[in-house]
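Single-structure report; data block below.
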Ligand code: RIB
Ligand code: CA
């Protein structure tokens, strides 16, 4: 049915663009968010869980179960940059609130939620795929309960053979996890970093955010902490684009693609390589309507207090 809500598990590493994603996801009213889990990534999952609850409170979200991961990569730990500040949302001090982090481990909570559901559940991942790789390794049968995985990762940047595509963080932070997911048989839909670099919020948007309402005045301070060096005059909206891909796929150009992980000694890690000429195993988006994305953003922001 047209208006049926999408049953969703949201895996994130709340960070600044994850906050944009939470705003768009909650205010779209298109999701029945069963669970939010925090993963390896921008900050440790404990901090990401607290950040997630702070954003949910700020945007007046309904109560949603939040569970933190164990913070360990699937196979091998790798260095992480503080692009989102040490706190993950810059250093902003949020008002205290009553939201709690459930004590169940994220992977166990994912398994419980998927197992208990009488319908398949869509998973939206906005972080490295560590929790998900652990989930399908420990509970392989649960793959049949996953409708599809929409995830922010990688780069469509085409580079001459043998050269390295840009090492996008959600893959290069845990490439072994990405490899496990890419070969899992789960339906894969990937939103690469070019979307968030194209549909970035410029400084005028950030100022408009500040003067929109209280929530906007907080988000503006958080946004100014973002250090994604690809976007010079504003903030990238990577994870927000992944939500928009689920709520409004019509604002994207969508194409089949072959995705794989390739390791490069120079970075002692792996990156996602995208081949539009090989046998497809995923779909991706190659263009985004900036104006329509920003309309989704402002519509969501205006629903805040
Ligand atoms: O490379 C961008 C991705 O890495 C985003 O999800 C950002 O939040 C970080 O997790
Ligand atoms: Ca993220």
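Numbering (our numbering), first residue to last: 3 to 307. We put the beta carbon where it would ideally sit given N, CA and C, even for glycine. Since we're looking at a predicted model, the values are computed, not measured.
Secondary structure at residue 200: helix, using DSSP grouped into helix, strand and coil. For the alpha helix (DSSP H) assignment, the uninterrupted runs of no fewer than 4 residues enclosed by the stretch 9–89 are, from N- to C-terminal side, 18–30, 47–60. With contacts defined as CB atoms closer than 8 Å, residue 273 and residue 173 qualify as a contacting pair. Between residue 50 and residue 56, the C-beta spacing is not below 8 Å. With a threshold of 7 Å, the Cβ atom of residue 15 counts as near ligand 1, since some heavy atom of the ligand is closer than that. Residue pairing by DSSP puts residue 274 in a beta bridge opposite 263.
Scanning the stretch 174–246 from its first residue to its last, the whole beta strand (DSSP E) runs of 3-plus residues come out as 190–193. Its chain contains 103 as the residues whose beta carbon lies nearer than 8 Å to that of residue 52, once the 5 sequence neighbours on both sides are disregarded; these appear in chain order.
With a 10 Å radius around the Cβ and a threshold of 16 neighbouring Cβ atoms, residue 232 comes out exposed. Judged by their CB atoms, residue 196 and residue 157 are nearer to each other than the 8 Å cut-off. About 4 Å separates the beta carbon of residue 59 from that of residue 99, a gap short enough to meet the 8 Å contact definition. According to the DSSP assignment, residue 284 belongs to the beta strand (DSSP E) that extends over 284–290. Two segments are said to touch when three or more pairs of C-beta atoms, one from each, lie closer than 8 Å; by this definition the stretch 250–270 does not touch the stretch 221–238.
Annotation for residue 125: no alpha helix (DSSP H) segment contains it, though the beta strand (DSSP E) segment containing it runs 123–127. As the crow flies, the alpha-carbon of residue 287 is around 29 Å from that of residue 87.
For residue 137, the enclosing alpha helix (DSSP H) starts and ends at 132–140. By the CB criterion at 8 Å, residue 119 and residue 153 fall outside the cutoff. The alpha-carbon of residue 90 is positioned some 14 Å away from that of residue 24. As the crow flies, the alpha-carbon of residue 121 is around 11 Å from that of residue 115. Under the DSSP assignment, residue 152 falls in the beta strand (DSSP E) whose first and last residues are 148–154. Here the alpha carbon of residue 135 sits roughly 28 Å from the alpha carbon of residue 163. At least one heavy atom of ligand 2 sits closer than 7 Å to the Cβ of residue 43. Distance from the CA of residue 217 to the CA of residue 229, rounded to the nearest whole angstrom, comes to 21 Å. When rounded, the separation of the alpha-carbon atoms in residue 112 and residue 29 is 23 Å.
With respect to the C-alpha of residue 5, the residue from 304, 250, 188, 159 having the closest C-alpha is 250.
Here residue 169 carries a coil assignment [DSSP, helix/strand/coil].
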